[in-house]
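Quick note on numbering: the sequence shown equals residues 490 to 608 in the numbering used here.
Built from N, CA and C at the ideal position, the CB exists for glycine as well.
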Amino acid sequence: MASVLSAATGRRKEAVCRARLLEGSGRWEINGRPIEDYFPSATHRMTVTEPLRLTNTEGRYDILAKIEGGGVNGQSGALRHAIARALVDLDPDLRPVLKDAGFLTRDAREKERRKYGLK
């Protein structure tokens, strides 16, 4: 197996993702499953691959990810955040491009607590 080039953590809502970029041919493995199985929706797959498309690095790296917590939307956002951070770790010149697109910013919005007396 190829050595890990870069690893990063991404978060969104309750989801936490640890992603590793390996030198390879564009293979995706999320929690031991291919991306098509893990994210059946094309919208979520598009969200996840945006940082690679934006930096023209699609197909250059294999991506292994472990995602915990949250729902599908939060998990796809967490994976996108982790991939963007790993790409910057590999090549700091990509930072301005990813920063302008907003992929390096942690989306701090969380579920608001339920307040009594508001029915």
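Distance, LEU510 Cα to PHE528 Cα: Taking the first residue of the sequence shown as 1, we reach residue 528 at position 39. Taking the first residue of the sequence shown as 1, we reach residue 510 at position 21. So the alpha carbons of these two residues sit roughly 19 Å apart.
Helix, strand or coil at LYS608 [DSSP, three-state]: Residue numbering aside, residue 608 sits at position 119 when the sequence shown is read from its first letter. In the structure shown, LYS608 sits in coil (DSSP, three-state: anything other than H, G, I, E or B).
Alpha-carbon spacing of THR546 relative to THR538, whole angstroms: As a working mapping, residue 546 is identified with position 57 in the sequence shown. As a working mapping, residue 538 is identified with position 49 in the sequence shown. If you take the alpha carbons of THR546 and THR538, they lie about 10 Å apart.
Exposure label - ARG501; buried when at least 16 CB within 10 Å: As a position in the sequence shown, residue 501 is number 12, starting the count at 1. Looking at its Cβ environment, which holds 16 or more other Cβ atoms inside 10 Å, ARG501 is buried.
Under 9 Å between C-beta atoms of TRP558 and GLU599: The sequence position of residue 558 within the sequence shown is 69, counting from 1. The sequence position of residue 599 within the sequence shown is 110, counting from 1. Correcting the residue identity first, residue 558 is Gly in this sequence and not Trp. Cβ distance not < 9 Å, so GLY558 and GLU599 don't count as in contact.
Rounded C-alpha distance that separates ALA571 from SER492: In the sequence shown, residue 571 corresponds to position 82, counting from 1. In the sequence shown, residue 492 corresponds to position 3, counting from 1. Going from the Cα of ALA571 to the Cα of SER492 covers about 18 Å.
Residue closest to LEU541, alpha-carbon to alpha-carbon, out of ILE556, GLY563, GLY560 and ASP580: Residue numbering aside, residue 541 sits at position 52 when the sequence shown is read from its first letter. When each option's Cα is compared against that of LEU541, the closest is ASP580.
Whether CYS506 touches LEU568 by CB criterion (9 Å): Stepping through the sequence shown from its first residue, residue 506 is reached at position 17. Stepping through the sequence shown from its first residue, residue 568 is reached at position 79. Cβ atoms of CYS506 and LEU568: closer than 9 Å.
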